[in-house]
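Given below as structure tokens:
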């Protein structure tokens with residue numbers, strides 16, 4: 001097929017894909033910093049800053065048992081943007097667009113149906129579940145992108161038995177392994193493609209694994225490589241757990257998964273997945289089984305073994321669920337089915353756009369699941385007020401650039417102090433230090449800073465401040481309320497209806 005024939009065959013499909021990519025990018029980049037900085041975002045962005053300025057700390061994330069690829073990418077970009085949170089989130093926006101493209105390519109490889117490919121890409125572009133995490137400076141969007149492209153090259157390797165494709169699969173798998181530990185699921189699932197064709201030439205899979213293994217072991221060049229595996233016990237249960245208590249936490253976690261898909265999918269996505277899976281088994285049984293394995297198996301395993309379970313842990317499985325849901329289009333030949341499925345699909349589009357609009361304009365009104373609402377908007381993990389405090393500190397600094405400013409914060413790692421440090425990184429006279437998790441008395445380090453003639457401040461959440469401001473010499477400059485807690489939440493019962501971030505100046 002020459003270029004003219006290829007262009008004629010693909011021009012409208014290509015145009016449709018381009019429109020979907022533009023829409024997906026547009027939805028994800030509008031009001032990109034409207035959500036307050038999240039605890040893990042603060043850590044990752046701060047790591048990237050430190051790594052950018054200090055070459056000996058390029059493997060800093062290993063100190064907490066985290067892979068460094070996201071921070072490696074970010075450290076080359078962060079110097080050129082005024083808002084470090086914006087560029088951190090922009091990286092995820094771009095990887096999200098890469099995932100949209102990957103979904104289109106992978107679904108077309110499986111089903112050779114341009115409409116199915118466009119619909120699957122469109123569903124991912126609009127789904128609030130995808131939009132939410134593609135707008136966060138977290139590693140999950142990057143993992144999802146490398147996962148889908150590993151699937152693409154893994155499928156092509158099994159189909160065409162070519163060494164160059166096996167090498168490409170190895171590189172994308174290696175990048176996934178350098179992004180986040182759940183990439184191990186991708187490695188285990190790669191052999192499934194060979195059962196779609198035959199096992200001839202399966203030795204090429206060894207090339208894929210070898211390249212990924214070498215890339216993963218680049219991390220041995222830095223200290224604390226062993227923490228990548230030793231920290232695993234902090235997050236997952238032992239393998240023997242399946243024999244001792246199979247149903248717990250499996251059933252509660254599967255319930256959480258359904259809640260996430262129902263509320264953030266949003267709800268119309270579930271019937272689309274079920275109907276698409278049914279139709280897929282009737283028309284493309286092997287390919288549909290493959291997608292079910294790539295989507296449901298990681299969810300099941302994580303539900304069984306994860307100690308903590310949040311929506312972003314299963315984010316990398318979403319592309320395969322969305323491809324399954326797009327198979328509903330294959331049942332549109334019948335008039336009755338066409339009307340019914342059109343109603344469900346339009347319900348999905350309408351509810352997604354409404355959710356997305358709320359997410360981009362007034363996130364506290366969005367129908368987020370309880371755990372996500374609590375973590376990203378209500379509790380100490382959410383960083384309302386941090387940027388405003390940094391602006392205040394900058395103003396004070398420029399009034400007298402020679403004056404040293406010392407700011408004590410709750411905690412030593414996370415939303416505070418890292419969330420504040422990222423905004424004053426280029427001002428050496430503003431020193432941010434952690435002074436404790438629960439603040440009862442005036443920290444000794446702040447007393448000494450005040451005695452040395454420095455302007456001295458304290459930033460602490462209300463639930464973690466147990467002192468008396470008047471007696472301890474703290475002057476409240478401003479408090480920043482977070483989103484109201486749900487009335488039936490544990491935090492509401494223990495700490496009241498609303499968390500607040502206090503910004504004090506130590507005056508005596």
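Numbering (UniProt numbering), first residue to last: 1 to 508. Idealized CB from N, CA, C, for every residue including glycine.
request  = For residue 385, name the three-state secondary structure that DSSP assigns.
outcome  = Working through the chain shown from its first residue, we reach residue 385 at position 385. Here residue 385 sits in coil by DSSP.
request  = Output the distance between the C-alpha atoms of residue 496 and residue 481, rounded to the nearest integer angstrom.
outcome  = For this step, residue 496 is matched to residue 496 along the chain shown. For this step, residue 481 is matched to residue 481 along the chain shown. In a straight line, the C-alpha of residue 496 is about 12 Å away from that of residue 481.
message = Per DSSP, what are the beta-bridge partners of residue 457 in this structure?
response = Translated into the one-based positions of the chain shown, residue 457 becomes position 457. According to DSSP, which records beta bridges pairwise, residue 457 is partnered with 407, 505.
key: For residue 123 and residue 415, the rounded distance between their alpha carbons   = On the chain shown, residue 415 is found 415 positions in, with the first residue counted as 1. On the chain shown, residue 123 is found 123 positions in, with the first residue counted as 1. About 33 Å.
query = Do residue 187 and residue 173 have their CB atoms nearer than 8 Å?
reply = On the chain shown, residue 187 is found 187 positions in, with the first residue counted as 1. On the chain shown, residue 173 is found 173 positions in, with the first residue counted as 1. The answer is yes: Cβ separation under 8 Å.
request  = Could you tell me which residues DSSP pairs with residue 481 in its beta bridges?
outcome  = The residue given as residue 481 occupies position 481 in the chain shown. For residue 481, which the question treats as bridged, DSSP gives the partners 500.
inquiry  = Between the stretch 453-472 and the stretch 497-508, can you find at least three pairs of beta-carbon atoms closer than 8 Å?
reply    = yes
request  = Report yes if the CB atom of residue 433 is closer than 8 Å to the CB atom of residue 465, and no otherwise.
outcome  = As a first step, residue 433 is located in the chain shown; it is residue number 433 there, counting from the start. As a first step, residue 465 is located in the chain shown; it is residue number 465 there, counting from the start. Contact flag unset, no.
ask   = Is it true that the CB of residue 378 sits closer than 8 Å to the CB of residue 483?
value = Looking up residue 483 in the chain shown gives position 483. Looking up residue 378 in the chain shown gives position 378. Cβ distance < 8 Å, so residue 483 and residue 378 count as in contact.
Alpha helix (DSSP H) segment containing residue 431, residue limits = Indexing the chain shown from 1 puts residue 431 at position 431. Run containing residue 431: none in the alpha helix (DSSP H); it sits in the beta strand (DSSP E), 430-434.
ask   = Under 8 Å between the Cβ atoms of residue 128 and residue 398?
value = Taking the first residue of the chain shown as 1, we reach residue 128 at position 128. Taking the first residue of the chain shown as 1, we reach residue 398 at position 398. For residue 128 and residue 398, no; Cβs fall outside 8 Å.
task = State the start and end residues of the unbroken alpha helix (DSSP H) segment that holds residue 367.
result = The residue labelled residue 367 in the question sits at position 367 within the chain shown. That residue, residue 367, is in no alpha helix (DSSP H); it is neither H nor E in DSSP.
ask   = Just the Cα atoms here: how many angstroms apart are residue 161 and residue 154?
value = Taking the chain shown and counting its residues from 1, the one referred to as residue 161 is at position 161. Taking the chain shown and counting its residues from 1, the one referred to as residue 154 is at position 154. Taking the straight line from one Cα to the other gives about 10 Å.
ask   = What's the gap between the Cα of residue 243 and the Cα of residue 237?
value = As a working mapping, residue 243 is identified with position 243 in the chain shown. As a working mapping, residue 237 is identified with position 237 in the chain shown. Computed Cα separation, rounded: 12 Å.
request  = Please list, in chain order, all residues of the same chain as residue 385 whose beta carbon is under 6 Å from its beta carbon, the five residues on each side excluded.
outcome  = On the chain shown, position 385 is the one that residue 385 refers to. Correct list, in chain order: 480, 501.
ask   = With distances taken between CB atoms, is the gap from residue 205 to residue 190 smaller than 8 Å?
value = The sequence position of residue 205 within the chain shown is 205, counting from 1. The sequence position of residue 190 within the chain shown is 190, counting from 1. In this structure, residue 190 lies closer than 8 Å to residue 205 by Cβ.
Which listed residue (45, 104, 15) has its alpha carbon closest to that of residue 91 = Residue mapping note: residue 91 aligns to position 91 of the chain shown, counting from 1. Of the listed residues, the one whose Cα sits closest to residue 91 is 45.
ask   = Given 8 Å as the limit, is there contact between the stretch 255-271 and the stretch 81-90, that is, 3 or more CB pairs closer than that?
value = no
key: Euclidean distance between Cα positions of residue 181 and residue 258   = Translated into positions along the chain shown, residue 181 becomes position 181. Translated into positions along the chain shown, residue 258 becomes position 258. When rounded, the distance between both Cα atoms is 23 Å.
ask   = Among 253, 329, 104, 74, which residue has its Cα nearest to the Cα of residue 422?
value = Position 422 of the chain shown, counting from 1, holds the residue named residue 422. Of the candidates 253, 329, 104, 74, the one whose C-alpha sits nearest the C-alpha of residue 422 is 74.
ask   = If you draw a straight line from the alpha carbon of residue 131 to that of residue 27, how long is it in whole angstroms?
value = Locating residue 131 in the chain shown gives position 131, counting from the first residue. Locating residue 27 in the chain shown gives position 27, counting from the first residue. If you take the alpha carbons of residue 131 and residue 27, they lie about 7 Å apart.
Between the CA atoms of residue 281 and residue 274 - distance to the nearest angstrom = In the chain shown, residue 274 corresponds to position 274, counting from 1. In the chain shown, residue 281 corresponds to position 281, counting from 1. The alpha-carbon atoms of residue 274 and residue 281 are separated by roughly 11 Å.
inquiry  = Out of 410, 313, 390, which one is the CA nearest neighbour of residue 371?
reply    = Translated into positions along the chain shown, residue 371 becomes position 371. Residue 371 has its Cα closest to that of 313, out of 410, 313, 390.
task = Please report the residue range of the alpha helix (DSSP H) in which residue 303 lies.
result = The residue given as residue 303 occupies position 303 in the chain shown. That run of the alpha helix (DSSP H) goes 285-305.
query = Looking only at DSSP bridge pairs, what is residue 475 linked to?
reply = Along the chain shown, read from residue 1 onward, the residue named residue 475 stands at position 475. Bridge partners of residue 475: 505.
message = My output table needs one value for residue 413: the three-state DSSP class, helix, strand or coil.
response = Working through the chain shown from its first residue, we reach residue 413 at position 413. DSSP places residue 413 in coil when its eight states are reduced to three.
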